[in-house]
Amino acid sequence: AQLALLPEVSGDALRADLLLERALLLTATGAEGAKGALEEFLASHADHPRVAEVYLAQASLHLLAWPPRSKSARDALAAARELPLDDEIREDADYLAFWIEEGSPDTEAAVEAAERFLTEWERSPRAPEILMRKAEVHFRNGDYVDAQREFLRLHSEYPTSSLADKALFFAGRAAILTNTESGAQTALELWQRLAADNSPLALHARRHQAQIRLRQANKERDAISLLDSVLTAKQPGPSDELRVSCLLLKGEALFRLGGSDEELLREAIETFREARSIEGVSIAASNEALFREGKAHESLGDQTAALDCFHTVVTSPRRPLKNGESPEFRWFYRAGFECISLLQAKGTPESIDAAIAIADTLTRTAGPRAEEARKNGQRLRLENFRWK
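Note that my numbering has the sequence shown beginning at 22, numbered continuously upward.
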């Protein structure tokens, strides 16, 4: 802050130390001028005993740039490694080496760099972070068995880490994605451990348990019980996003149980409506709830109410997407084609015209099934002589 006073400091060594600390602080806080301060220090104090720290700081800046300058980061790291390093700086260098590889397309190199760090610095406070990221690399690559092993390793070797519960949770995710019966059972057991320990992730674990139960034959009531335990939880209760997710699953379970049971089907309808009523519900969740409500009305024999639900999904104004929200096409198109099917089944000229209008709406939406909708509309026009 008092850079102007530096000339008054007696002794070149002290001035150099102050310039070094200033450059490192600018780098650590992401402040403007960090790059220039590091370059200025290297130009005037290349023989300083802590110059390796400057090279590592440069490597960090190169990694944090967008797009990352991986080659420049490697060059700066190599320059640091050519100098005598104490253990603290060697750990910093190995830590940066992992993140350089983690950002490259060569995921095998990232895994190897992570294992080198964990072998050399297993007691480092950074070790859980590196191990978590190593597991995530396997997960992203679809290597779910390896990912599960590394997540469980983190939970076992670093049980007091803030990442331990997350690792156990994602070990369950990896297990279920192996698409085996044993994987599903492993996931249930891992998530039960989180639920039993009242982990901050306990509610999410129960929700995932319910999703597995819903995939299994005749386990709908088990799923509903798990979902109710989430929906009625207190202090802290479920977030709105989690409530919506649980209500959609509960409604699906009630619908499956319902069959021709009017009471259960009406309970499913109310559950879907409750999901839609939650403030901030996403477009995808709202459309799914409406679609599933429509199918429940259809099972009750109320074609008019079903058609109204499907029609609402297709014709409601599409609100602007939130940050990170993707366009919703899955339920939009499913509802649209159900709408066309019900209108076509009526067989009246008016209903055929309405079905063609829905097909045209789907066609005008630039989504993955637009061409299918165009052909559907064309077929309806030809079969029913409704062309202009």
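All C-beta atoms in this analysis are idealised placements derived from N, C-alpha and C, irrespective of residue type, glycine included.
**Study point:** Under the three-state DSSP convention, the category ALA387 falls into
**Key:** Looking up residue 387 in the sequence shown gives position 366. In this structure, ALA387 counts as coil in the three-state DSSP scheme.
Check your understanding: With distances taken from CA atoms, which of LEU403, ARG194, SER281 and ILE299 is nearest LEU269?
Key -> Translated into the one-based positions of the sequence shown, residue 269 becomes position 248. The candidate whose alpha carbon is nearest that of LEU269 is ILE299.
Practice item. Flag this pair as touching only if the stretch 328-335 and the stretch 348-366 have three or more C-beta atom pairs under 8 Å; answer yes or no. Key: Segments in contact, yes.
Review point. How many Å lie between ALA168 and TRP87 at the Cα?
Key: Start at 1 with the first residue of the sequence shown, and residue 168 comes out as number 147. Start at 1 with the first residue of the sequence shown, and residue 87 comes out as number 66. C-alpha separation (whole angstroms): 28 Å.
Point to revise | Closest residue to ILE373 among ARG390, ARG402, THR50 and GLU122 (Cα-Cα distance) | key: Position 352 of the sequence shown, counting from 1, holds the residue named residue 373. Scanning ARG390, ARG402, THR50 and GLU122 for the CA closest to the CA of ILE373 turns up ARG402.
Point to revise | Close beta carbons around ILE110, own chain, < 8 Å, minus the five adjacent residues each side | key: Along the sequence shown, read from residue 1 onward, the residue named residue 110 stands at position 89. Same-chain partners within the cutoff: ALA73, GLU74, LEU77 and ALA101.
**Study point:** Alpha-carbon to alpha-carbon, GLY345 and ILE304
**Key:** Locating residue 304 in the sequence shown gives position 283, counting from the first residue. Locating residue 345 in the sequence shown gives position 324, counting from the first residue. Cα to Cα, ILE304 sits roughly 12 Å from GLY345.
Point to revise | Rounded Cβ spacing between ILE121 and ARG147 (contact assumed at less than 8 Å) | key: Along the sequence shown, read from residue 1 onward, the residue named residue 121 stands at position 100. Along the sequence shown, read from residue 1 onward, the residue named residue 147 stands at position 126. In this structure ILE121 does not touch ARG147 by the C-beta definition: roughly 15 Å separates them, more than the 8 Å allowed.
Point to revise | Extent of the continuous alpha helix (DSSP H) run through ARG71 | key: Numbered from its first residue, the sequence shown carries residue 71 at position 50. Taken as a continuous stretch (DSSP letters only), ARG71 belongs to no alpha helix (DSSP H), as it is neither H nor E.
Check your understanding: If you draw a straight line from the alpha carbon of ALA366 to that of ALA317, how long is it in whole angstroms?
Key -> Walking along the sequence shown from the start, residue 366 turns up at place 345. Walking along the sequence shown from the start, residue 317 turns up at place 296. Cα atoms of ALA366 and ALA317: separation of roughly 18 Å, rounded to the nearest angstrom.
Practice item. Flag this pair as touching only if the stretch 149-161 and the stretch 176-196 have three or more C-beta atom pairs under 8 Å; answer yes or no. Key: Contact between the stretch 149-161 and the stretch 176-196 is present, because at least three Cβ pairs lie under 8 Å.
Practice item. Could you pull out every residue in the same chain whose Cβ sits closer than 7 Å to the Cβ of ALA52, ignoring the five residues on either side in sequence? Key: Mapped onto the sequence shown, residue 52 falls at position 31. Excluding positions up to five away in sequence, the list is empty.
Check your understanding: Hey, how far is the Cα of LYS271 from the Cα of SER362?
Key -> Indexing the sequence shown from 1 puts residue 271 at position 250. Indexing the sequence shown from 1 puts residue 362 at position 341. Whole-angstrom Cα-Cα distance: 27 Å.
Review point. In three-state terms, what does DSSP make of PHE276?
Key: To locate residue 276, count along the sequence shown from 1; it is residue 255. In the three-state scheme derived from DSSP, where H, G and I count as helix and E and B as strand, PHE276 is classed as helix.
Check your understanding: Among ALA44, ALA64 and ILE377, which has the Cα closest to the Cα of ALA55?
Key -> For this step, residue 55 is matched to residue 34 along the sequence shown. Checked all of ALA44, ALA64 and ILE377; the closest Cα to ALA55 is ALA44.
Point to revise | Straight-line gap, ASP115 to ALA387 (C-alpha atoms, nearest Å) | key: The sequence position of residue 115 within the sequence shown is 94, counting from 1. The sequence position of residue 387 within the sequence shown is 366, counting from 1. Between ASP115 and ALA387, the C-alpha separation is close to 47 Å.
Point to revise | Boundaries of the alpha helix (DSSP H) in which ASN308 is found, first to last residue | key: By 1-based counting over the sequence shown, the position of residue 308 is 287. In this chain, the alpha helix (DSSP H) harbouring ASN308 covers 304-320.
Review point. Got a sec? Which residues, its chain only, sit under 7 Å from LEU104 by beta carbon, not counting five neighbours each side?
Key: Residue numbering aside, residue 104 sits at position 83 when the sequence shown is read from its first letter. Residues VAL72 and ALA73 of the same chain have their beta carbon placed closer than 7 Å to that of LEU104, with the five preceding and five following residues left out of the count.
Point to revise | Between the CA atoms of SER93 and ASN200 - distance to the nearest angstrom | key: As a first step, residue 200 must be located in the sequence shown, where it is residue number 179. As a first step, residue 93 must be located in the sequence shown, where it is residue number 72. For ASN200 and SER93, the gap between their C-alpha atoms comes out near 42 Å.
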